[in-house]
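K.L.:
Just add 281 to wherever you are in the sequence shown, counting from 1, and you've got UniProt numbering.
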Amino acid sequence: THTIYLTRHGQSQYNQLGKIGGNSGVTEYGLDYARRLATFARETICREDGSNANKARLWTSSMRRTNETAQFIEHPEVTLPDGDKWVQMSHRVYRNLDEIFAGEYEGLTYEEVASRHKDEAFLRKVDKIGYRYPRGESYFDIISRLDPLIHELESYHEPTLIVSHQAVLRMLYAYLMGIDRMDAPRLSIPLHTVIKLTYNGWTQCVEQQVYLGP
Ligand code: F6P
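1) Using beta-carbon positions only, say whether Pro429 and Asn348 come within less than 8 Å of one another.
2) Within 10 Å of its beta-carbon, does Met452 have 16 or more other beta-carbons around it, so buried, or fewer, so exposed?
3) Does DSSP classify Gln490 as helix, strand or coil?
4) Bridge partners of Trp483, per DSSP?
5) Given that a residue counts as buried once 16 or more other Cβ atoms are within 10 Å of its Cβ, and exposed if not, what is Val368?
6) So which of Thr484, His446, Thr479, Pro495 has the shortest CA-CA distance to Ile326?
7) According to the Cβ coordinates, are Thr441 and Arg338 closer than 8 Å?
8) Could you tell me whether the Cβ atoms of Gly291 and Thr341 are closer together than 8 Å?
9) Could you name the residues of the same chain whose beta carbon sits closer than 6 Å to that of Val487, not counting the 5 residues immediately before and after it, in chain order?
10) Which of the three DSSP states is assigned to Met463 in this structure?
11) Using DSSP's beta-bridge definition, name the partner residues of Leu442.
12) Excluding sequence positions up to five away, which residues of its chain have a Cβ less than 6 Å from the Cβ of Asn299?
13) Measuring only the C-alpha atoms, how far is Arg373 from Ile476?
14) Check whether the region 352-369 and the region 314-321 touch, using three or more Cβ-Cβ pairs below 8 Å as the test.
15) Between Pro415 and the ligand F6P, is there a pair consisting of the residue's CB and a ligand heavy atom that are separated by less than 7 Å?
16) In whole angstroms, give me the CA-to-CA distance for Trp483 and Glu439.
17) Measuring alpha carbon to alpha carbon, tell me which of Leu468, Val394, Met370 ends up nearest Val449.
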């Protein structure tokens, strides 16, 4: 089996303002979550096999808010009795995990889009998965850039913590849980919650949500 932990970044300044996209940092709330997440990583993810320190992986997007959320996670180097060394929570940054790019609408609120670009807002409403933001991305674009990443993910056995964003995690979660992708763009992926998925490679994952508050 393989355990995959999915989480959104801690609350960002843009989340607080209800703005779409951007590359803002996290708020005080978001920072609190980052600290709790580091504790969770040390005490739960890195002790999954019952030992003091099993190997684990950390994947983040390249954006500010995910890297600020992962900043307190420790990456100790472990030396085995035979002298073999490895980094406990190796960190990799993937642009494929970046949030859906809203193109010309980056930084607007949903209300601003609805009032200034009525036709576009309507198109997105009727076809959320296929709708591509002007000069931006669609949910289908997210699926195609997640494809190589899923292949990589499925080739590992160590627990992997993925710190990413709402739209991207909806598609990843739907894939791993066997949910129809047409339903995926409206799934709820709550903030400040770790979604633990235990995966055996052929049947549906077993899910557990851990709210780390506040
Ligand atoms: O609101 C946070 C956010 O991550 C935005 O940056 C992004 O555009 C949005 O969620 C994706 O959700 P939806 O597709 O429902 O607008």
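Think of the CB as a built atom: it goes at the ideal place given N, C-alpha and C, for glycine as much as any other residue. In this text the structure is predicted, and so the values were computed from the model without any measurement.
P.N.:
In this structure, then:
1) no
2) buried
3) DSSP places Gln490 in strand when its eight states are reduced to three.
4) None, per the DSSP bridge assignment.
5) exposed
6) Scanning Thr484, His446, Thr479, Pro495 for the CA closest to the CA of Ile326 turns up Thr479.
7) yes
8) For the pair Gly291 and Thr341, the CB atoms are not nearer than the 8 Å cut-off.
9) Thr479
10) In the displayed model, Met463 falls within coil according to three-state DSSP, outside both helix and strand.
11) Answer is Tyr286, Leu339.
12) In the sequence on display, residue 299 carries Gly and not Asn. The answer, listed in chain order, is Thr390.
13) 20 Å
14) yes
15) Answer for Pro415: no, Cβ out of range of the ligand F6P.
16) 17 Å
17) Leu468
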